[in-house]
């Protein structure tokens, strides 16, 4: 009997179709039986691992339960769990989105609960199993750091040691095989697995999916290019991301036209995936990781803020010219409101924004070559790499959102605390929820409060002015937060956001507010 390794994961869902992704132990034909109909797809193989994504099409109603079979043998659902169901996108559009980022996959024993806190996503899965219909989200957005390739869990480190002893990188993921195990450990706990089987998900990467500070700057890339093991790592990381995360972000029509998927289905396997990933890293314009969806009256735009960067000193951009043109076009399409997924926050505390503006100017040589080198060191050391550190892109997007005349909700993570910020012009809101499970230490929490919400507020603007940085197109302020506990948030359209924390399996609201 062919076993399920990872999944089933309910990924793309609209009003008439749903896509279910699986990894299996052996090549097989995967069949999904739902509402009296059977949908099938053969697996494709990459580096000895076998995957399928099955499209359920021409649906006219929600599916109360579905089963998964491999070569005729049923492998899902497991005993003792509620049925995995499929809720189609309502005709009136999405009612509730859940979102968050930064989740480590450490154990749930007392020691790791003390060091990492409770896993809010795990608790949320347990909560939904008992919750009423009105509490279910229509979509779960995972906004980066779904896995930590540079900081593996004890179980992952044991797996690494079982296959290599002293080869580099020590204590980090090295290749596709280790990425496959990293995702398996992240997504196969009972509560997580069931949650991902029944709530649609849309995902985008951040740095730890590859490595801390990924694509911070051109000097960072040059430094990593000299690191012997990096090329294999980035190829494996982007290839694994394509298989485990990106493929399910696409609609059935988009996947039908995807040339890489066609090659893999034809049996090209790991070589085709590796070639694609190597080119995606070297030539970001060769592939687009960003994507957009209509969610009824709202439009979701998930933005690649890592791979699509232009790192040219003196003309740094969060998005290169091609990616910016795509975003500008997507933003202008008809919708009552925009939901923009950006793994890193667009609106930081104002003082921190000024410090990052200042650092970018100095790293571009504003105060000479010696200060430039020092500033680059600081940029990497304390993660000065948000939209504020790519000032030209920040200003372009700020002006674009102001001119829209409609609400724009920017959903982000990354910073390991949660908050709400609002611009003083237009209807621009920054909603941050981070981490799901990877809290800052108590000392770092106080340091963030002191430097980001006190001292930096006073000095950030002054430093930016001293470096000749122009003032941003609007001002903004933090209206809720910060909260430093592990959290998951929901956005109830049109304008209500709630952050949730958990204790064990109990999920409770931290704060609810309306976006006005």
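In full-length UniProt numbering, the protein residues as written are 1 to 516.
The beta-carbon is built from N, C-alpha and C at its ideal position, and this holds for glycine as well.
{"Check": "Reduced DSSP category for residue 474 - H, G, I as helix; E, B as strand; rest coil", "Outcome": "coil"}
{"Check": "Distance between residue 199 and residue 190 (C-alpha atoms, nearest Å)", "Outcome": "14 Å"}
{"Check": "Outcome for residue 57 when other beta-carbon atoms lying within 10 angstroms are tallied against a minimum of 16", "Outcome": "exposed"}
{"Check": "The stretch 105–114 touching the stretch 290–307, judged by at least three CB pairs closer than 8 Å", "Outcome": "no"}
{"Check": "Span of the beta strand (DSSP E), counted from its first residue to its last, around residue 159", "Outcome": "Segment 154–163 is the alpha helix (DSSP H) holding residue 159; no beta strand (DSSP E) there."}
{"Check": "Beta strand (DSSP E) segment containing residue 74, residue limits", "Outcome": "73–76"}
{"Check": "Residue 54 beta carbon less than 8 Å from that of residue 20", "Outcome": "yes"}
{"Check": "Inter-residue Cα distance where the pair is residue 94 and residue 500", "Outcome": "20 Å"}
{"Check": "Between the CA atoms of residue 477 and residue 458 - distance to the nearest angstrom", "Outcome": "13 Å"}
{"Check": "Pairwise C-alpha distance: residue 232 and residue 334", "Outcome": "42 Å"}
{"Check": "Option in 502, 492 and 162 with minimal Cα separation from residue 139", "Outcome": "492"}
{"Check": "Assumed close pair residue 343, residue 418 - CB separation to whole angstroms, cut-off 8 Å", "Outcome": "The pair is not a contact, with the Cβ atoms about 14 Å apart (cut-off 8 Å)."}
{"Check": "Boundaries of the alpha helix (DSSP H) in which residue 379 is found, first to last residue", "Outcome": "369–381"}
{"Check": "Whole-angstrom distance between residue 65 and residue 386, CA atom to CA atom", "Outcome": "42 Å"}
{"Check": "Residue 401, enclosing beta strand (DSSP E) - first and last residue", "Outcome": "Per DSSP, residue 401 belongs to no beta strand (DSSP E); it is in the alpha helix (DSSP H), 391–404."}
{"Check": "Whole beta strand (DSSP E) elements within the stretch 277–337, 3-residue minimum", "Outcome": "291–295 and 298–303"}
{"Check": "Pick from 238, 346 and 485 that is closest to residue 567, judged by C-alpha positions", "Outcome": "The requested residue 567 is not part of the displayed model; the chain covers only 1 to 516."}
{"Check": "Span of the alpha helix (DSSP H) around residue 501", "Outcome": "Note, residue 501: premise wrong, no alpha helix (DSSP H); beta strand (DSSP E) at 496–503."}
{"Check": "Endpoints, beta strand (DSSP E) assigned at residue 511", "Outcome": "506–514"}
{"Check": "Residue of 35, 211, 30 and 25 minimising C-alpha distance to residue 46", "Outcome": "25"}
{"Check": "Beta-carbon proximity check, residue 298 vs residue 239, cutoff 8 Å", "Outcome": "no"}
{"Check": "CA-to-CA distance, residue 363 to residue 470, given in whole angstroms", "Outcome": "16 Å"}
{"Check": "Rounded separation between residue 143 and residue 100 - CA only", "Outcome": "6 Å"}
{"Check": "Nearest-angstrom beta carbon gap, residue 211 and residue 149 [assumed within contact, 8 Å]", "Outcome": "6 Å"}
{"Check": "Residue interval of the beta strand (DSSP E) (run including residue 98)", "Outcome": "96–100"}
{"Check": "Beta-carbon gap between residue 353 and residue 102 smaller than 8 Å", "Outcome": "no"}
{"Check": "Of the listed residues 52, 51, 293 and 39, nearest to residue 67 (C-alpha basis)", "Outcome": "39"}
{"Check": "Stretch-stretch touch, CB-based, cutoff 8 Å, three pairs: the stretch 175–184 with the stretch 119–134", "Outcome": "no"}
{"Check": "Bridge partners - residue 517, DSSP secondary structure assignment", "Outcome": "Residue coverage of the chain in this structure runs from 1 to 516, which leaves residue 517 outside it and unanswerable."}
{"Check": "Alpha carbon of residue 466 to alpha carbon of residue 389, nearest angstrom", "Outcome": "16 Å"}
{"Check": "Sub-8 Å separation of residue 472 and residue 394 beta-carbons", "Outcome": "yes"}
{"Check": "Where the alpha helix (DSSP H) containing residue 151 begins and where it ends", "Outcome": "Where residue 151 is concerned, there is no enclosing alpha helix (DSSP H), given that its DSSP letter is neither H nor E."}
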